[in-house]
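Accompanying notes for the structure given below.
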Amino acid sequence: MIVSDCCSHSAGAREQQVTGTGPAAQHIDTTRPHPARVYDWFLGGKDNYPVDERLGRQIAAVDGGGALRAARANRAFMHRVTRALAEDGIRQFLDIGTGIPTEPNLHRIAQSVAPDARVVYVDNDPIVLAHAGALLRGTPEGVTEYVQADARDPRGILEQAARVLDLGRPVALSLIALLHFVTDEDGAREVVSTLVDALAPGSCLVLSMMTADFEPENVEQGIAAYAAGGVTLVARSRDEVAAFFEGLDLLAPGVAPVDAWRGEPSPDEAAPVSLYGAVGRKP
Ligand SMILES: C[S@@+](CC[C@H](N)C(=O)[O-])C[C@H]1O[C@@H](n2cnc3c(N)ncnc32)[C@H](O)[C@@H]1O
10 MIVSDCCSHS AGAREQQVTG TGPAAQHIDT TRPHPARVYD WFLGGKDNYP VDERLGRQIA
70 AVDGGGALRA ARANRAFMHR VTRALAEDGI RQFLDIGTGI PTEPNLHRIA QSVAPDARVV
130 YVDNDPIVLA HAGALLRGTP EGVTEYVQAD ARDPRGILEQ AARVLDLGRP VALSLIALLH
190 FVTDEDGARE VVSTLVDALA PGSCLVLSMM TADFEPENVE QGIAAYAAGG VTLVARSRDE
250 VAAFFEGLDL LAPGVAPVDA WRGEPSPDEA APVSLYGAVG RKP
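Everything in the sequence shown is counted per the working numbering, starting at 10 for the first residue and increasing by one.
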């Protein structure tokens, strides 16, 4: 399913388009926690349900506040990277695992640098689709589009994204705080390589994902709390994160905790951010 803002520019009115073969409205399951809604709770959002808040509180009680710090630092990482890539000339963005809108969203950052930036958002959670309208309010010169799809279907995503993005030109592909929900058995490596293979030279891969390198016990407790809520999470080491960038040129500072990626590292030495972030450019 595609939801788009790309019509009626001449009339000065934004028309929201829903196309494709998927069901127009999907059931939002409020009986069990969903990653997008738990993350929204960590960010102080209102688009979550009691079951999500309960899990968020359980995680916060056992992980020393790590998930809360990580969520905020991760959002700031997305802002810094998007700005840096837009300033570097990238005009097309494919963001998979977008999450519930939280201002400023990626297109706001990209289009504040380059009003003509084209952005395709992708998520598989019906709650994100329900709030997609907030992702579609971009500049008149640019385009924003929302695709409801699963990251484990990279070819399907590329097919839909190619209706908006010129895949013959550089794209910033971001999978930010997504891949810890996609296990190796689920084909995480193949998802990334299929997407990157389809992109033009000069394109960039932006990843952030959970690690147990710094606070193994807290992270294991967090993973266990998610598992009890029915959500599978995987933590990856620095080397495992670096392996996703095989064949790409890692931009400085390489694979680093998200707060340290061209930002201010956590001032609290005892409480590092347990999310690695990195950006690689396709030669
Ligand atoms: C922690 S949120 C990250 C949101 C945003 N990227 C950010 O970093 O602020 C993870 C998002 O990934 C989405 N997600 C998880 N598994 C997915 C999958 N297999 N396909 C597409 N989206 C997925 C969730 O629905 C959720 O919105």
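For each residue, glycine too, the CB sits at the ideal point set by N, CA and C.
- One Cα belongs to Glu112, the other to His88, and the distance between them is close to 10 Å.
- DSSP places Thr153 in the strand class (E or B) of the three-state scheme.
- Using a cutoff of 7 Å, the CB of Phe190 counts as near ligand 1, since one of the ligand's heavy atoms is closer than that.
- Rounded to whole angstroms, the gap between the alpha carbons of His36 and Tyr235 is 21 Å.
- Between Ala119 and Glu273, the alpha-carbon positions lie close to 21 Å from each other.
- If you check the CB distance, Ala126 and Gly151 come in under 8 Å.
- Beta bridge pairing from DSSP links Asp104 with Tyr130 and Ser183.
- Of the heavy atoms belonging to ligand 1, none sits nearer than 7 Å to the Cβ of Asn57.
- With a cutoff of 8 Å on beta-carbon distance, Trp270 and Pro281 are scored as not near each other.
- With a cut-off of 7 Å, the C-beta of Gly108 is classified as near ligand 1, since at least one heavy atom of the ligand falls inside that distance.
- Straight through space, the alpha carbons of Gly165 and Val180 are spaced by roughly 17 Å.
- Look at Ala251 here: in three-state DSSP terms it is helix.
- Taking Ser121 as the centre and dropping the five residues before and after it, the same chain places no C-beta closer than 7 Å to its C-beta.
- For Asp222, the Cβ stays outside the 7 Å cut-off from all heavy atoms of ligand 1.
- Per DSSP, Ala79 lies in no beta strand (DSSP E) segment; the continuous alpha helix (DSSP H) that holds it begins and ends at Gly75 to Glu96.
- Proximity to Gly147 across Ala93, Asn114 and Ile68 peaks at Asn114, based on C-alpha coordinates.
- Taking C-beta atoms under 8 Å as the contact rule, Gly211 and Leu257 fail to qualify, at a distance of about 11 Å.
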